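Chemist:
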Amino acid sequence: LIPACGRGYEIAELARRGYDVTGVDFSPSAVTDLKRLLDTRRIGACVVAHDLFDWEADEPFDVIYEQTALCALEPAKWPDYAERLYRWIQPGGILIGAFMQTHREGGPPWHCSLTTVESLFPETRWEWPTRRDQTISHPSGLKELAIYLKRKK
Numbered sequence: 290l291i292p293a294c295g296r297g298y299e300i301a302e303l304a305r306r307g308y309d310v311t312g313v314d315f316s317p318s319a320v321t322d323l324k325r326l327l328d329t330r331r332i333g334a335c336v337v338a339h340d341l342f343d344w345e346a347d348e349p350f351d352v353i354y355e356q357t358a359l360c361a362l363e364p365a366k367w368p369d370y371a372e373r374l375y376r377w378i379q380p381g382g383i384l385i386g387a388f389m390q391t392h393r394e395g396g397p398p399w400h401c402s403l404t405t406v407e408s409l410f411p412e413t414r415w416e417w418p419t420r421r422d423q424t425i426s427h428p429s430g431l432k433e434l435a436i437y438l439k440r441k442k
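Counting along the sequence shown from 1, when you hit position 99 you're at 388 in my numbering, and nothing is skipped either side.
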């Protein structure tokens, strides 16, 4: 699952590599563009135009790739969104997260510190890696906090 997939270049690439991928985005035009891209490349993937806060998965996912949605949402919505991620992923499933490190007020994208990520994804529900401060470069020049979590059973 890729929430807030937008025009979904990640979806196209993962599906091309043989993964069964689902993308959800609130923007009908982004979903239309993504479906056109998939059709042009003859790649199969499930893409849904829907509000993330109203959408429910038919069954839990093995893996969720969270890169865009959380940091685009108002921080007041983060706890509800984190709860949805927990529900959408099966026990033992993996959450791959990339959380924007803007180090400034306001957004989007909103800064999401390690402390905030730890509170949204507590150790009572998620297995955390030993090292928690890994960052990756973003094309904007900013960094993203890279987190790999496993949902506890």
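We put the CB at the ideal spot given by N, CA and C, even for glycine. Since this is a predicted model, take the numbers as computed values, not measurements.
Serine 318: which of Thr329, Ala301, Gly297 and Val310 sits nearest, CA to CA?
Modeler: It is Gly297 whose Cα lies nearest to the Cα of serine 318.
Chemist: DSSP three-state call for threonine 404: helix, strand or coil?
Modeler: Threonine 404: helix per DSSP, three-state reduction.
Chemist: Would you kindly work out how many angstroms separate the C-alpha atoms of aspartate 328 and alanine 334, rounded to a whole number?
Modeler: 10 Å
Chemist: DSSP on lysine 366, reduced to helix/strand/coil?
Modeler: helix
Chemist: Between which two residues does the beta strand (DSSP E) carrying threonine 424 extend?
Modeler: 424-426
Chemist: How would you label tyrosine 354, buried or exposed, when you count the other beta carbons within 10 angstroms and need 16 or more for buried?
Modeler: buried
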